[in-house]
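Engineer: Just dropping this structure here.
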Amino acid sequence: MSVTRRTSGYDRAASRGVVLIFVAGILTLLAALGMAFYAATHSSTQSAIRYDDMVRAELLSRAGINEAIARLREQAFRAGESPADPWYSTDWLRGAQRRLSYAYGDGKDNAPEDGIVDNEPGEPRQPYTRALSSSAGENSDRYALEIEDAASKININACDNLAVVLDNLCRLIGPPLVPADPDLLQPRRWYVESGNTLTAYACNTLDTAAQRDLYYELDAHGRPVQKDQAPYSGMLGGLGKVSDGTAVYGDGYAIAGYRSRNGPFQTVEELKQALTYVERNGNAQPDDPLETLEIEAKLAALRPHVTTHSWIDTNTVCTGKFEWVTAPQQPVTLPSVRHIATGLLEEKVPCQILIDRDKSWVADDPVNDPLNRRGSLRGSYVSIVNGHGAGQLRRV
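According to the numbering used here, the residues represented by the sequence shown are -6 to 389, in order.
So, in structure tokens, the structure goes:
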């Protein structure tokens, strides 16, 4: 006996549905793989383009730097420095106008029918220094030089008498920069040694032989002391001056003190950490919009006049005047000192302290900086020129 199984239409439709779902899943996976391959290919193409642009930009910048060095050396060999030299980015002979250094001129009459070739008077030059190729258009790969004379600026990492120089700069520029109060800068030693007769030098009662780092003093929040804080508010009130929230010793001494505590500045932008401001919201942080604006305005005023790197003449001698000297019979004991000859760390060493209130040196850290990479005076020589001990040579 034979049995025949009949397939219903419902079974055939279910089989076709399963196949359709299976095929749709495969197509979805293929589409996802295709999109992944497309994304990878597109990303590789864009990366190659960007890498090509980066290499071209780096080579252009290197070419610009080397051209500037070569042309400056050539010009120094041919003649002395002149304010009309083409490398100056400020044209002092024409109202201090800003311009490019070595603006490009090819010696041709590029301006139609003006009859004047480049490099002659009256011919406007190109808005770039040199073009090397034309990858994106005619003369598209170009660079522009702006050369500045760092040696004519104040090196905030190597300037002798930095605090006084910066304080004088603050007086010259004026607001928003704050200079030190001139009455509180007068050395009280002159009042003491005059038998209390020169009262013009008696204003700053904190200026004593036992007071160290007077002009770089910080308050409880780590900020330079302000005029509305005691005892300075009383001193200024006695002089008939206003006791506001500005720094007693101004921005110049604040910058010098910051460098002494933290070492050399890495960039000019780091000056924002040292500049003073008027506290407005009471949290001792420069987070108020007006506080931030004040700091930015001060940095903008200082930026054209300061630098962190410049040529330094290591043969020059730093000179100073010591207003107070602790007596040898009452030496100051330092917690730790690095011995110059042996390099060993010695503790509780009696030392004699010499104070020059106008200067600020990088603080020595014999424990954490045994090789003196911060640049303190450790190992330097002090020559006593006049006064008690004249003619002696001491090593710090």
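Glycine included, each C-beta is placed from N, C-alpha and C at the ideal position.
Please read these numbers as outputs of a predicted model, since none were measured by experiment.
1) Are the beta-carbon atoms belonging to L211 and D174 less than 8 Å from one another?
2) Excluding five sequence neighbours on each side, which residues of the same chain lie with their C-beta closer than 8 Å to the C-beta of M(-6)?
3) What is the rounded straight-line gap between the Cα of L170 and the Cα of E339?
4) According to DSSP, simplified to helix, strand and coil, what is N148?
5) So, do the region 127 to 142 and the region 212 to 227 have three or more beta carbon pairs nearer to each other than 8 Å?
6) So for I140, helix, strand or coil by DSSP?
7) Quick one: grab the DSSP three-state call for L286.
8) When you compare only the Cα positions, how much space is there between L165 and V235?
9) Starting from V342, trace the beta strand (DSSP E) both ways and give me its first and last residue.
10) R205 bridges to which residues according to DSSP?
11) Three or more C-beta pairs under 8 Å: does that hold for the region 260 to 276 against the region 190 to 202?
12) At what residue ranges does the region 73 to 100 contain a whole run of the alpha helix (DSSP H), taking only runs of 4 or more?
13) If you reduce the DSSP assignment to three classes, tell me which class M(-6) lands in.
14) If you draw a straight line from the C-alpha of T335 to the C-alpha of G88, how long is it?
15) Do you know how far the Cα of V342 is from the Cα of T83?
16) When you compare each of G167, S226, D221, P172 to C196 by their alpha carbons, which one comes out closest?
17) Could you check where the beta strand (DSSP E) with A156 kicks off and where it finishes?
18) Going by other Cβ atoms of all chains shown within 10 Å of its Cβ, with 16 needed for buried, is V12 buried or exposed?
19) Measure from the alpha carbon of S126 to the alpha carbon of each residue in D280, D46, G18, then state which is nearest.
Structural biologist: With the given structure in hand:
1) Locating residue 211 in the sequence shown gives position 218, counting from the first residue. Locating residue 174 in the sequence shown gives position 181, counting from the first residue. No.
2) Counted from its first residue, the sequence shown places residue -6 at position 1. Here the model assigns M(-6) a pLDDT of 49, short of 50, so the residue's position is not dependable and the matter cannot be decided.
3) Walking along the sequence shown from the start, residue 170 turns up at place 177. Walking along the sequence shown from the start, residue 339 turns up at place 346. So the two alpha carbons sit approximately 42 Å from each other.
4) Here residue 148 refers to the residue found at position 155 of the sequence shown. Three-state result, N148: strand.
5) no
6) As a working mapping, residue 140 is identified with position 147 in the sequence shown. I140 falls in the strand class under three-state DSSP.
7) By one-based count along the sequence shown, residue 286 stands at place 293. Here L286 sits in helix by DSSP.
8) On the sequence shown, residue 165 is found 172 positions in, with the first residue counted as 1. On the sequence shown, residue 235 is found 242 positions in, with the first residue counted as 1. Rounded to whole angstroms, L165 to V235 spans 21 Å at the Cα level.
9) Sequence index remark: in the sequence shown, residue 342 carries index 349 (1-based). Taken as a continuous stretch (DSSP letters only), the beta strand (DSSP E) holding V342 covers 338 to 344.
10) The residue labelled residue 205 in the question sits at position 212 within the sequence shown. Per DSSP, R205 has no beta bridge partner at all.
11) No contact exists between the region 260 to 276 and the region 190 to 202.
12) none
13) Along the sequence shown, one-based indexing puts residue -6 at 1. Note that M(-6) has pLDDT 49, beneath the 50 cutoff, so the model's placement of it is unreliable and no number is given.
14) Sequence index remark: in the sequence shown, residue 335 carries index 342 (1-based). Sequence index remark: in the sequence shown, residue 88 carries index 95 (1-based). The C-alpha of T335 lies about 59 Å from the C-alpha of G88.
15) In the sequence shown, the residue the question calls residue 83 occupies position 90. In the sequence shown, the residue the question calls residue 342 occupies position 349. T83 and V342: Cα-Cα distance of roughly 53 Å.
16) As a first step, residue 196 is located in the sequence shown; it is residue number 203 there, counting from the start. Of the candidates G167, S226, D221, P172, the one whose C-alpha sits nearest the C-alpha of C196 is S226.
17) Along the sequence shown, read from residue 1 onward, the residue named residue 156 stands at position 163. Counting along the chain, A156 falls outside any beta strand (DSSP E), though it belongs to the alpha helix (DSSP H) covering 155 to 166.
18) Position 19 of the sequence shown, counting from 1, holds the residue named residue 12. By the Cβ-count criterion, V12 is exposed, with fewer than 16 other Cβ atoms from all chains shown falling within 10 Å of its own Cβ.
19) Reading the sequence shown from its first residue, position 133 is the one you call residue 126. Comparing Cα positions, the closest option is D46.
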